[in-house]
Amino acid sequence: MSSWDNQFSGIVTLSDPNQITGTLPIVNGGTNATAIAAARVNLGIDIITTFNNVNYTCVATDRLVVQSDTMTASRTVTLPAASSFAAGRPLTILDGSGTVTTTNTIVVTRAGADEIAGGTSYTIKIADGGITLYSNGVDGWAYDKNLIRGSELGS
990 MSSWDNQFSG
1000 IVTLSDPNQI
1010 TGTLPIVNGG
1020 TNATAIAAAR
1030 VNLGIDIITT
1040 FNNVNYTCVA
1050 TDRLVVQSDT
1060 MTASRTVTLP
1070 AASSFAAGRP
1080 LTILDGSGTV
1090 TTTNTIVVTR
1100 AGADEIAGGT
1110 SYTIKIADGG
1120 ITLYSNGVDG
1130 WAYDKNLIRG
1140 SELGS
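Residue numbers (the working numbering): 990 to 1144.
This is how it looks when you write it as structure tokens:
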């Protein structure tokens, strides 16, 4: 018997997986949920939040925030506190309506004293523009300047 075989001795094969109950914590390779929808939320899969031509304040569970209605004025999206967002986890903000203009922009602003790449805001100013930000888990947000489309860093 190899050492590989010894590592896996004691594995139990279930004849009816539908009889499994309870949750397996994420840190142990599980989803920490008993339902598929809850598992998707816990793992940050396919989470889309839409807002319709209004200001929006992001929450720590947001992953993809999409403006989905015709823009009639500039709108502000306020980021969650960087400390409430896991370090390195992406948060994307997009114009899904294709109606952002240089007049009707989406201004992404910080929460509190957090910084956005050393500044206080970021402006999406072309149709279908967007930004993906990454929290440092403490007091700021970064982004890859090579991936930005239709934006301008505020001061």
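Using N, Cα and C, we set each Cβ at its ideal position, and we do this for glycine too.
Exercise. Helix or strand or just coil, what does DSSP make of isoleucine 1025?
Worked result: helix
Problem set entry | For proline 1079: DSSP bridge partner residues | According to DSSP, proline 1079 shares a beta bridge with Tyr1123.
Problem set entry | Residue range of the beta strand (DSSP E) that includes arginine 1115 | For the record, residue 1115 in the displayed sequence is isoleucine; it is not arginine. Counted as a single uninterrupted DSSP element, the stretch harbouring isoleucine 1115 is not any beta strand (DSSP E), since DSSP gives it neither H nor E.
Exercise. Helix or strand or just coil, what does DSSP make of tryptophan 1130?
Worked result: strand
Exercise. Between the Cα of alanine 1168 and the Cα atoms of Asp1051, Val1127, Val1043, Asn1042, which residue gives the shortest distance?
Worked result: The requested residue 1168 is not part of the displayed model; the chain covers only 990 to 1144.
Exercise. For leucine 1053, which three-state DSSP category applies?
Worked result: strand
Exercise. In this structure, does DSSP put valine 1030 in helix, strand or coil?
Worked result: helix
For this session: From the DSSP output, in three-state form, read off serine 1110 for me.
Result: strand
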